[in-house]
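Here's the structure, in structure tokens; my notes come after.
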DNA sequence: CGACGTTTTGAATTGGTTCAAACTAAGTGG
DNA sequence: CCACTTAGTTTGAACCAATTCAAAACGTCG
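Residue numbers (UniProt numbering), protein chains in the order written: chain E, 1 to 231; chain R, 1 to 231.
Following this line, the structure appears as structure tokens:
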């Protein structure tokens, strides 16, 4: 959040005061189930997780990847009922922020409220960008775009640098993100590797040719709102 | 908004007081351009419009349809820079809500702020649902789902009833929504017509078999948050 | 009436899927 | 430290949903 606007010490304290005791969730386990009516929102202290929806015919769509520093269901404060679930992709450490406390915060800390609002708004911008790639780009471009996004976001979270970032998920998971089969993900990934654009070993991705990936994925990071701009 | 929570008379006045003089935008004309840094957000008084993004290879993706009663770029209050554009699909009457006034409102009207926040959160939920259909469903299911969503939303806006609603857009536009070609939209639509599920003439759609469309599209309106639930 | 935007139809092509099997890596327990 | 198990990756071949390109039909508005 401090990448997006200046946060005062008092605000930082107010924010920290929201968080309850941490809990760890092992990889593959749910953090929130679809249809839940949680009384708190979940902040990711560390780890990787993803929003997901299941379809009647057994499909699963991941609609966002979340990393340390993200709220995964802040919108449930207002939606009340979860329209989707959240699953840990890697082992996660999470902390709850009670809705009561969040609602009180909206009564007393308008600037902080706008910053939290911004977090949910950026989620929406990410969803929109994914819609654009899903609707308009082929598999290679989609994958390139996703890798660029994840690098920018992990870098912003202090988890990555030098075009190298952790990606603790399987090719099947990646298929559920991009709306492609695991088999096709594999073929496209092999091709990106063959062209020397990407390396991926042991859960670590290296983007060897950032410019080529940006071009291939038509990636423009504006939508991530990583610039500081007072709200 | 009054479908989602109780709004007091004072709140209604405060909300109305935000809106500046109305403006009309003819069909096909832009309301906001991608990359703009607007000083106000736009409320739709009447008409149909759509969020869009353009891709370098000449494609266009529509990421949301908006109708009377929606804000089309409320998120620009916090994002500052538009990550997409908005275009009028039919003639629109719109009214601006100055960001200064909106920001002031967040300082004085926390409940109203949460309601406005909810509006942007529902946008996100709609985007997520579109991601699910784009990633997991075939053309017929996607189209069925979209028609169900648009009926629910136009009905909620008081524009539709009896499974009949206005849809002032072309099959090519529909293709830009669903990430399909205009040709394929046509073929799928003809098939839905042949099966007696849908009629579409003169910009008016009739859903002749709601249950079948709900099933085909795997439509569950929960994500639209049309139930009243205090925030 | 003519013109332009939109819808409809046809035929060939393609990007991605499906299904099945082989291969690799990383535990786990004896 | 090796045999066994399991999860994940890679490869092949047949298939299909949707695209592409092209042209014809329709509708409506000046």
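Beta carbons: idealized from backbone N, C-alpha and C, even for Gly.
From a predicted model like this one, the values you see are computed outputs, not experimental measurements.
| said: Quick check: residue 78 of chain R and residue 114 of chain E, are their CB atoms within less than 8 Å of each other? | reply: Indexing the second chain from 1 puts residue 78 of chain R at position 78. Indexing the first chain from 1 puts residue 114 of chain E at position 114. Yes. Within cutoff.
| message | Against chain E, with Cβ distances strictly below 8 Å, would residue 79 of chain R count as a contact? | response | Taking the first residue of the second chain as position 1, residue 79 of chain R is located at position 79. By this cut-off, residue 79 of chain R is an interface position.
| Got a sec: is the Cβ-Cβ distance from residue 107 of chain E to anything in chain R below 8 Å? | Within the first chain, numbered from 1, the residue matching residue 107 of chain E stands at position 107. It does: the Cβ of residue 107 of chain E has a partner Cβ on chain R nearer than 8 Å.
| query | Does the beta carbon of residue 72 of chain R fall short of 7 Å from some heavy atom of the ligand ATP? | reply | With respect to the ligand ATP, the structure offers nothing, as it holds no ligand at all.
| task | Select from the stretch 116-130 of chain R all residues with a C-beta closer than 8 Å to any C-beta belonging to chain E, and list them in chain order. | result | With the criterion set as a beta carbon lying under 8 Å from some beta carbon of chain E, the members of the stretch 116-130 of chain R are 117, 118, 120, 121, 122, 123, 124, 125, 127, 128, 129, 130, in sequence order.
| Which of helix, strand or coil DSSP assigns to residue 81 of chain E | As a first step, residue 81 of chain E is located in the first chain; it is residue number 81 there, counting from the start. It is coil, neither helix nor strand.
| request: Inspect the CB distances between the stretch 10-18 of chain R and the stretch 48-64 of chain R and report whether three or more fall short of 8 Å. | output: no
| task | Can you give me the start and stop residues for the alpha helix (DSSP H) that residue 38 of chain E sits inside? | result | For the purposes of this step, residue 38 of chain E is identified with residue 38 of the first chain, where counting begins at 1. Residue 38 of chain E -> no alpha helix (DSSP H), and no H or E assigned at all.
| Any beta-carbon of chain R closer than 8 Å to the one on residue 42 of chain E? | Position 42 of the first chain holds residue 42 of chain E. Cβ-Cβ to chain R under 8 Å: no for residue 42 of chain E.
| request: Please determine, among E/220, E/163, E/127, the residue with the shortest C-alpha to C-alpha distance to residue 197 of chain E. | output: For the purposes of this step, residue 197 of chain E is taken as the residue at position 197 of the first chain. It is E/163.
| message | So, at 6 Å on beta carbons, what are the nonlocal neighbours of residue 39 of chain R in its own chain, with the 5 sequence-adjacent residues on each side left out? | response | Numbered from its first residue, the second chain carries residue 39 of chain R at position 39. Cβ within range, chain order: 99.
| Can you find a C-beta in chain E that's less than 8 Å from the C-beta of residue 170 of chain R? | Here the question's residue 170 of chain R lines up with position 170 in the second chain. Interface criterion not met: the Cβ of residue 170 of chain R is under 8 Å from no Cβ in chain E.
| Rounded straight-line distance, which links the Cα of residue 65 of chain R to that of residue 176 of chain R | Position 176 of the second chain, counted from the start, is the residue given in the question as residue 176 of chain R. Position 65 of the second chain, counted from the start, is the residue given in the question as residue 65 of chain R. Approximately 11 Å between the Cα atoms of the pair.
| said: In the DSSP output, what is residue 227 of chain E paired with across the bridge? | reply: By one-based count along the first chain, residue 227 of chain E stands at place 227. Bridge partners of residue 227 of chain E: none, in fact.
| field | Beta carbon of residue 32 of chain E nearer than 8 Å to that of residue 91 of chain E | value | One-based indexing of the first chain puts residue 32 of chain E at position 32. One-based indexing of the first chain puts residue 91 of chain E at position 91. Not closer than 8 Å, so no.
| task | Output yes if chain E places a C-beta closer than 8 Å to the C-beta of residue 55 of chain R; else output no. | result | One-based indexing of the second chain puts residue 55 of chain R at position 55. Judged by the 8 Å Cβ criterion, residue 55 of chain R is in contact with chain E.
| task | For residue 188 of chain R, count neighbouring Cβ atoms within 10 angstroms of its own Cβ and tell me buried if that reaches 16, exposed if not. | result | For the purposes of this step, residue 188 of chain R is taken as residue 188 along the second chain, with counting starting at 1. Burial call: buried.
| request: Find out if the Cβ-Cβ distance for the pair residue 6 of chain R, residue 22 of chain R is shorter than 8 Å. | output: Locating residue 6 of chain R in the second chain gives position 6, counting from the first residue. Locating residue 22 of chain R in the second chain gives position 22, counting from the first residue. For residue 6 of chain R and residue 22 of chain R, no; Cβs fall outside 8 Å.
| DSSP three-state call for residue 156 of chain E: helix, strand or coil? | As a first step, residue 156 of chain E is located in the first chain; it is residue number 156 there, counting from the start. Looking at residue 156 of chain E - three-state DSSP - the assignment turns out to be helix.
| query | Residues of chain E with a CB under 7 Å from the CB of residue 182 of chain R: which are they? | reply | Here residue 182 of chain R is taken as the residue at index 182 of the second chain, counted from 1. Neighbours of residue 182 of chain R on chain E: none; closest Cβ ~13 Å, over 7 Å.
| By Cβ distance, which residues of its chain are closer than 8 Å to residue 224 of chain E, with the 5 residues on each side in sequence left out? | As a working mapping, residue 224 of chain E is identified with position 224 in the first chain. Only 122, 125, 126, 149, 152, 153, 156 meet the Cβ criterion.
| task | Please name the residue in E/27, E/3, E/9, E/140 whose C-alpha comes closest to that of residue 168 of chain E. | result | By one-based count along the first chain, residue 168 of chain E stands at place 168. With distances taken between Cα atoms, residue 168 of chain E lies closest to E/27.
| said: For a minimum of 3 consecutive residues, which ranges assigned as the beta strand (DSSP E) are wholly contained in the UniProt domain "HTH crp-type" (137-211) of chain R? | reply: 164-166, 198-201, 204-207
| query | Would you say residue 135 of chain E reaches chain R, if we count a Cβ-Cβ gap shorter than 8 Å as a contact? | reply | Within the first chain, the letter at position 135 stands for residue 135 of chain E. Residue 135 of chain E counts as touching chain R.
| For residue 67 of chain R, which of R/56, R/43, R/134 has the nearest alpha-carbon? | If you number the second chain from 1, residue 67 of chain R lands on position 67. Cα-wise, what sits closest to residue 67 of chain R is R/43.
| task | Give the residues from the stretch 84-112 of chain E that approach chain R closer than 8 Å (Cβ to any Cβ), ordered along the chain. | result | Cβ contacts with chain R: 84, 103, 106, 107, 110.
| Looking at the unbroken beta strand (DSSP E) that takes in residue 4 of chain E, where does it start and where does it end? | The residue you call residue 4 of chain E lines up with position 4 of the first chain. First-last for residue 4 of chain E: undefined, no H or E at that position.
| To which residues of the same chain is residue 11 of chain E closer than 6 Å at the C-beta, ignoring the five residues directly before and after it? | The count along the first chain starts at 1 and reaches residue 11 of chain E at position 11. Correct list, in chain order: 112.
| Contact with chain E by residue 61 of chain R, beta-carbon distance below 8 Å | The residue labelled residue 61 of chain R in the question sits at position 61 within the second chain. Closer than 8 Å: yes.
| message | Check whether the stretch 209-223 of chain E and the stretch 138-145 of chain E are in contact - that is, three or more C-beta pairs closer than 8 Å. | response | yes
| said: Below 8 Å on the Cβ atoms is my contact criterion, and I expect residue 182 of chain E with residue 171 of chain E to pass it. Report the Cβ-Cβ distance as a whole number of Å. | reply: On the first chain, position 182 is the one that residue 182 of chain E refers to. On the first chain, position 171 is the one that residue 171 of chain E refers to. That belief holds up - the Cβ atoms of residue 182 of chain E and residue 171 of chain E are roughly 5 Å apart, short of 8 Å.
| said: Please list, in chain order, the chain E residues whose beta carbon lies closer than 7 Å to that of residue 231 of chain R. | reply: The count along the second chain starts at 1 and reaches residue 231 of chain R at position 231. 78, listed in chain order.
| Can you give the beta carbon distance from residue 139 of chain E to residue 180 of chain E, rounded, assuming they're within the 8 Å contact cut? | On the first chain, position 139 is the one that residue 139 of chain E refers to. On the first chain, position 180 is the one that residue 180 of chain E refers to. Contact flag correct, Cβ pair sits at about 6 Å.
| message | On the DSSP bridge list, what partners appear for residue 95 of chain R? | response | Sequence index remark: in the second chain, residue 95 of chain R carries index 95 (1-based). Its beta-bridge partners are R/43.
| Identify the residues that DSSP records as bridge partners of residue 88 of chain R: which are they? | For this step, residue 88 of chain R is matched to residue 88 along the second chain. Paired residue(s): R/49.
| Going by DSSP, which residues form a beta bridge with residue 55 of chain R? | Mapped onto the second chain, residue 55 of chain R falls at position 55. BP columns for residue 55 of chain R are empty, so no partner.
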